[in-house]
Amino acid sequence: MQAADVQPSLAQIFWAFLVLGATAFGGPVAHFGYFRTEFVERRKWIDERGFADLVSLCQFLPGPASSQTGIAIGMIKGRWAGGIAAWLGFTTPAAIIMIGLGFGLSFAETSAGQGLVHGLKLAAVAVVAHALWGMARTACGDAVRASFAAVACILILFAGDAWFQLAVIALAAFAGSLILKDTPLDPANGTPTRGNRTAGFALLAVFLLMLFALPVVAESARSGNLDAFTSFFRVGSLVFGGGHVVLPLLEAEVVPTGWASTDAFLAGYGAAQAIPGPMFALTGYLCNVIDPGYGYLGGWTGGALAIVAVFLPSFLLLGATLPFWDALRSRDRIRAALSGVNAAVVGLMLAVLFTPVWTSSVHDTSDFATVVVAIVLLSFWRLPPWLVVMLAAVAGFLGV
Numbered sequence: 001m002q003a004a005d006v007q008p009s010l011a012q013i014f015w016a017f018l019v020l021g022a023t024a025f026g027g028p029v030a031h032f033g034y035f036r037t038e039f040v041e042r043r044k045w046i047d048e049r050g051f052a053d054l055v056s057l058c059q060f061l062p063g064p065a066s067s068q069t070g071i072a073i074g075m076i077k078g079r080w081a082g083g084i085a086a087w088l089g090f091t092t093p094a095a096i097i098m099i100g101l102g103f104g105l106s107f108a109e110t111s112a113g114q115g116l117v118h119g120l121k122l123a124a125v126a127v128v129a130h131a132l133w134g135m136a137r138t139a140c141g142d143a144v145r146a147s148f149a150a151v152a153c154i155l156i157l158f159a160g161d162a163w164f165q166l167a168v169i170a171l172a173a174f175a176g177s178l179i180l181k182d183t184p185l186d187p188a189n190g191t192p193t194r195g196n197r198t199a200g201f202a203l204l205a206v207f208l209l210m211l212f213a214l215p216v217v218a219e220s221a222r223s224g225n226l227d228a229f230t231s232f233f234r235v236g237s238l239v240f241g242g243g244h245v246v247l248p249l250l251e252a253e254v255v256p257t258g259w260a261s262t263d264a265f266l267a268g269y270g271a272a273q274a275i276p277g278p279m280f281a282l283t284g285y286l287c288n289v290i291d292p293g294y295g296y297l298g299g300w301t302g303g304a305l306a307i308v309a310v311f312l313p314s315f316l317l318l319g320a321t322l323p324f325w326d327a328l329r330s331r332d333r334i335r336a337a338l339s340g341v342n343a344a345v346v347g348l349m350l351a352v353l354f355t356p357v358w359t360s361s362v363h364d365t366s367d368f369a370t371v372v373v374a375i376v377l378l379s380f381w382r383l384p385p386w387l388v389v390m391l392a393a394v395a396g397f398l399g400v
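When you line the sequence shown up against this note's numbering, it's residues 1 to 400, in that order.
See the structure below:
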């Protein structure tokens, strides 16, 4: 059965992403690994080429790249309702944890909590390595593409800030369009995207209008809720790559304004490292440390509003882009550029696998053995990622 023929229900989309949202530790690059294992290998909702192309697209769009990839998969399989179901499923566990942060922080500081988190980090190493191998076989099928990946990896290792990563990917697209030859996409064998082009233009207009008009309206309205919504919407609109990249922008929005102290911000950042799902859920925590004197709603409602604000640009931009995506990626020059980007993304994943994923997780022989066992369970026993994550968490909790 072709990936395009698989049509899951909204409940299936929500449940699949909810499980991932509760078990996908390790940050954005690890999330790509979880998504590939679940939706390309196991469920076959999207084919290998379609998945690689979506990852490449989301690397170029502002916003959280891994969450956008999940939303895009949901949109492809279930239109807007599917995208919302995917986002709700993947984001809800992290949102609940970050909004109700007190318990999460207190447990993570215990020895048992630290062992549990360490086991989860080792599982993330295995998931990234497993996905990296699978993506490399598709994206780096010859010496030239493998060289693209190697050069990208080395460059990012030595200068890995977010803007430099984006520059490396853009350079790979340009070089690929010039020197790579790629087979044009066969729509019959691909995973078609969906959407109306007129609606796409309208959504782009809405995005731009909100980006530039919201600050003006917020300034005149003098509403704490609108101020916070505008700030979080701006963060979601201007950050590229997602993950740790969002932290400087968030810090600039909430600390200098006096909404949150540096200590409170760093406490939330530390907790965000130990939870599954998107790091953008940190906004749900931040809304609850804003001084009530600023007039922000706070609580569960305020936390949900903050999370909606930071993810709303992703929905608008994906809705504006996906209707044109099939036509763009079917062109020979675009396909060649995407081929270069896909290879560079493999290099990016390899660099991130080394640092911070490997260097922050694998410290001794026991850790290495745990990673090897997890890779074998994923690659040869074909266990689902959530089960491997649970086994690694138990091993870490028990101090194995």
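Even for Gly, the Cβ is constructed at its ideal location relative to N, Cα and C.
| Item | Value |
| --- | --- |
| If you reduce the DSSP assignment to three classes, tell me which class residue 323 lands in. | helix |
| Just to confirm my understanding: we take residue 149, look at its own chain, exclude 5 residues before and 5 after, and list those with CB closer than 8 Å. What are they? | 136, 139, 140, 343, 344, 346, 347, 350 |
| Please confirm whether residue 319 and residue 195 have their CB atoms less than 9 Å apart. | yes |
| Taking the alpha helix (DSSP H) that residue 31 falls in, what are its first and last residues? | 28–35 |
| Per the contact definition of three or more C-beta pairs closer than 8 Å, is the region 114–131 in contact with the region 303–322? | no |
| Is the CB-CB distance between residue 315 and residue 73 below 9 Å? | no |
| Nearest-angstrom Cα distance between residue 12 and residue 77? | 11 Å |
| Would DSSP call residue 396 helix, strand or coil? | helix |
| Going by DSSP in three states, residue 277 sits in which element: helix, strand or coil? | coil |
| Tell me the DSSP secondary structure of residue 62 in three-state form. | strand |
| Quick test of the definition: if touching needs 3 or more C-beta pairs under 8 Å, does the region 333–342 touch the region 218–235? | no |
| When the distance is taken between beta carbons, is residue 229 closer than 9 Å to residue 281? | no |
| Relative to the C-alpha of residue 271, which candidate in 34, 26, 200 has its C-alpha closest? | 26 |
| Name, in chain order, the residues that DSSP records as bridge partners for residue 148. | DSSP lists no partner for residue 148. |
| Suppose only complete runs of 4+ residues qualify. What are the alpha helix (DSSP H) ranges in the region 219–258, listed by chain order? | 224–238, 246–254 |
| Nearest by alpha-carbon distance to residue 127: which of 359, 353, 360 is it? | 353 |
| Given residue 102, which residues of its chain have a CB within under 8 Å of its CB, disregarding the five upstream and five downstream residues? | Reliability fails at residue 102, whose pLDDT of 40 lies under 50, so the model's placement of it is uncertain and the value that follows must be treated cautiously. Excluding positions up to five away in sequence, the list is empty. |
| In whole angstroms, what is the alpha-carbon distance linking residue 323 and residue 203? | 11 Å |
| Checking 9 Å against the spacing of the C-beta atoms, do residue 134 and residue 341 come in under that value? | no |
| Counting only the same chain and skipping the five closest in sequence on each side, list residues whose C-beta sits under 6 Å from that of residue 373. | none |
| Is it the case that the region 207–216 contacts the region 361–378, given that we only count it when at least three CB pairs across the two stretches are under 8 Å? | no |
| So residue 89 and residue 16 are supposed to be a Cβ contact under 8 Å. How far apart are they, rounded? | 7 Å |
| On the criterion of 16 or more Cβ atoms from any shown chain inside 10 Å, does residue 299 qualify as buried, or is it exposed? | exposed |
| If you compare alpha carbons, which of 232, 261, 181 is closest to residue 250? | 232 |
| Do you know whose CA, among 167, 376, 156, 99, lies nearest residue 287's CA? | 99 |
| Go to residue 334, then tell me how far its alpha helix (DSSP H) extends in each direction, as first and last residue. | 332–352 |
| Do you know offhand how far residue 144's Cα is from residue 180's? | 8 Å |
| Need the endpoints of the alpha helix (DSSP H) that residue 261 sits in, please. | Element bounds for residue 261: n/a, residue is neither H nor E. |
| Leaving out the 5 sequence neighbours to the left and right, which residues in its chain are closer than 7 Å to residue 382 when beta-carbon positions are compared? | none |
| Is the distance from the Cβ of residue 60 to the Cβ of residue 51 below 9 Å? | no |
| By a C-beta neighbour count over all protein chains shown, 10 Å radius and 16 as the cutoff for buried, is residue 119 buried or exposed? | buried |
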